[in-house]
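Peer 1:
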Amino acid sequence: MRRIIVSALWAVIVLFHQGAEAAARSWIQLEAKFELTEAMDRARALSAIFPNVNGFRTRGGAYALALGPYADAKARAELRALRRERLVPRDAFVTDGREYRQRFWPVGVTEPDTTDETAAALPGTDAPAALADTETGAAPADPAALALPGSALPDETPAEARASEALLDEDTRKEIQRALAWFGHYTTRIDGDFGPATRRAMAAWQAENGHEPTGILTTAQRAALLKAYEDELAALGLRRHRDEAAGIDLPIPAALVEFDRYEAPFVHFAPKGDSGVRLLLISEPGGADALAALFDVIDTFRIIPEGGERQARRNTFEISARDARRSAYAWAEARDGAVKGFILTWPRERDPLMARLPEIMRQGFEVLPDAVLPPGASEPEGETFAGIEIRHPVRRGSGLYVDTAGHVVTAHAVVSGCGRVTVDDVPADIALDDPTAGVAVLAPRADVAPPGAGHLAETMPGRRAEIAVAGYSFGGLLGAPTLSFGRLEAAHGLNGEAWLARLSVTTTEADVGGPVLGPRGEVLGILVPAAEGRQLPEGVGFMLRADALAERLAALGIRPARGGEGDAPAEPEDLARRAAEFTATVACWD
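Numbering (the numbering used here), first residue to last: 92 to 681.
1) Taking 7 Å as the cut-off, decide whether the C-beta atoms of Asp516 and Ser564 are in contact.
2) Determine the extent of the beta strand (DSSP E) in which Tyr492 is found, giving its start and end residues.
3) Where do the N-terminal and C-terminal ends of the alpha helix (DSSP H) with Trp437 fall, by residue?
4) Closest by CA to Leu371, which one among Ala419, Leu635, Asp387 and Gly328?
5) When you compare the stretch 575-588 with the stretch 667-675, are there three or more beta-carbon pairs, one atom per stretch, that lie closer than 8 Å?
6) Run the CB neighbour count on Val677, radius 10 Å, all protein chains shown included, and call it buried at 16 or more, exposed below.
7) Where does Thr310 fall in DSSP's three states?
8) What's the call for Pro606, buried or exposed, on a 16-neighbour Cβ count within 10 Å?
9) Please state the DSSP three-state secondary structure of Met634.
10) Does DSSP put Trp590 in a helix, in a strand, or in coil?
11) Among Asp442, Arg593, Pro249 and His483, whose alpha-carbon lies nearest the alpha-carbon of Gly510?
12) Out of curiosity, what's the CA-to-CA distance linking Gly241 and Val358?
13) With burial defined as no fewer than 16 other Cβ atoms inside 10 Å of the residue's Cβ, what is the status of Arg175: buried or exposed?
14) Run through DSSP, which three-state label would Cys679 get?
15) Note the first and the last residue of the continuous beta strand (DSSP E) segment covering Val348.
16) Scan the stretch 449-473 and note each continuous alpha helix (DSSP H) run of 4 residues or more that stays entirely inside, going in chain order.
17) Confirm, please, whether the CB-CB distance from Ala639 to Leu615 is below 7 Å.
18) Which value, in whole angstroms, describes the spacing of the CA atoms of Arg352 and Pro460?
19) Applying the criterion that 16 or more other CB atoms from any shown protein chain within 10 Å of the CB defines a buried residue, is Leu317 buried or exposed?
20) Cβ atoms of Val506 and Val521: under 7 Å apart, would you say?
21) Count the other C-beta atoms from every protein chain shown that fall within 10 angstroms of the C-beta of Gly587, then say buried if there are 16 or more, exposed otherwise.
22) To the nearest angstrom, how far is it from the Cα of Thr305 to the Cα of Phe386?
23) Express the C-alpha separation of Arg611 and Ala661 in angstroms, rounding to a whole number.
24) Tell me whether Val493 is buried or exposed, calling it buried when 16 or more other Cβ atoms sit within 10 Å of its Cβ.
25) Give the straight-line distance between the Cα atoms of Leu666 and Gly553, rounded to the nearest whole angstrom.
26) What is the C-beta distance between Ala425 and Gly377, in whole angstroms, given that I count them as a contact (C-beta under 8 Å)?
27) Compare the Cα-Cα distances from Gly159 to each of Ala172, Pro142 and Gly151 and report the closest residue.
28) Work out the CA separation of Glu457 and Val499 for me, nearest whole Å.
29) Smallest Cα separation from Arg280: which of Phe274, Arg290 and Arg269?
30) Can you give me the start and stop residues for the alpha helix (DSSP H) that Pro180 sits inside?
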């Protein structure tokens, strides 16, 4: 019964080929070996994939392995199809078989190439021995293994998969590694060597796609992997873009973005259709300082979500951020007198397609020498920077570093109602918020090393003693705190509050939270606003006293330095120098 089924299947194959053949017959030669035993092994491996494998001794003495026969046009079309599916080596070719002499495969079929091998299996006749002899195991046990190229590929045992894998050329092996890397399973060098790392990647891909994780991809699995990879590349429309003006050559998702305009330091690419993807190429003259300034500006772009990772080094920066709606990636480096990189943003629903693209773009990023956009915007203009909308904090205030771990005290009013808080542009958590006393304690989320920490005074100076309020009066635009000089009017609040002191000094809203310094540079407290709803004469201010600060810090296990800064009054320039070491900018964001 099995012999009949196989014969019938082979008859279908024969009819398929008969319809395609013409008078001139051709073959697709896959490879040639010089040892018969090696050629037989290859023939067995190929026969697990293709039903029309033939082996011939050539005029030169080699053993050729070929598919066919076909009509010449059919052979060339089939070869193109097989190459697209990566089922044959790249150096496979079409031949008329004039060099072929004695046939050695299939076993038992010894006619020369002038005899059409398919004629031995016409309906009603026996199939070739290699196909019909199921008792000896020469024919595939599963009729599905007789599938023609281009139809569903047969399943394979690990041994068969390894045998078919051995037929792959180096370029195809590298492409498989690239596909595994694209899907996040392979992270080492693309070298075409299927070592332990590649095997682990293959097993991970198999498990992810519901296959037994053998670590050896079958022919069908390889085809599925490469097709999925190619489908994603096609969806991206990945191609190289060379911009002579910006001095950049890199791969871009051309199916998702299109060139818009130049607006230094950016080359703008707008979304194509409804893709929602946006690309900016970065190109401007400068070195490490220009890079750092650009990082600070980019971090305020509205197209860059506030969550995620930020890494800024001397000569490079990287931002990988996402929120509920968008994802974004930014990278740039300073090299050879220019800052170059790119910013890529996309809707979150495109994460599966876009997640691997930034690394591909970085790996393919090339700098063209002696080409850079002219200097462009250096500061935001109103609500934008070089055409990109920027975020502004809800408010800015000042703060006091109280230890070398970066803890900062500020006024409750500075951080009240904030969605997030930054201290000197570093994200921070609110460790304590005391509306009654009007104080908040902030803990940085990253390791910071402030230049210094303020020393909290243990005693208060007498009435009318000179004081100085240190703060970033203009929101940090000047790059250093300014000092506002005044006097201590009372060691308590208007209603006798023991934790407050009253000052006569003129300050700005951005000074709130900053340290109040005594005559010797000691920290007497921090500036706090008047109680909500109270209208006071100009020049009247209040501070939260150092002893009240120390008490609240101690409750958090924070022990600030205490005591004065010396016996003699400090000169104004000395106060300014000390204040710059421990005064911080605090920003409140929605």
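Glycine residues also receive a C-beta, built at the ideal position from the N, C-alpha and C atoms.
The model shown is predicted, which means the values in this text are computed figures rather than measured ones.
Peer 2: Taking the definition as stated:
1) no
2) Arg486 to Tyr492
3) Segment Ala429 to Pro438 is the beta strand (DSSP E) holding Trp437; no alpha helix (DSSP H) there.
4) Ala419
5) no
6) buried
7) helix
8) buried
9) strand
10) coil
11) His483
12) Confidence at Gly241 is low in this model, with a pLDDT of 37, below 50, so the placement of that residue should be treated as unreliable; the coordinate-derived value is given next. Their Cα atoms are separated by approximately 44 Å.
13) exposed
14) strand
15) Val348 to Glu354
16) none
17) no
18) 22 Å
19) buried
20) It should be pointed out that residue 521 corresponds to Ile in this sequence rather than to Val. In this structure, Val506 lies closer than 7 Å to Ile521 by Cβ.
21) exposed
22) 46 Å
23) 5 Å
24) buried
25) 19 Å
26) 7 Å
27) Pro142
28) 43 Å
29) Arg269
30) No alpha helix (DSSP H) contains Pro180, which DSSP labels as neither H nor E.
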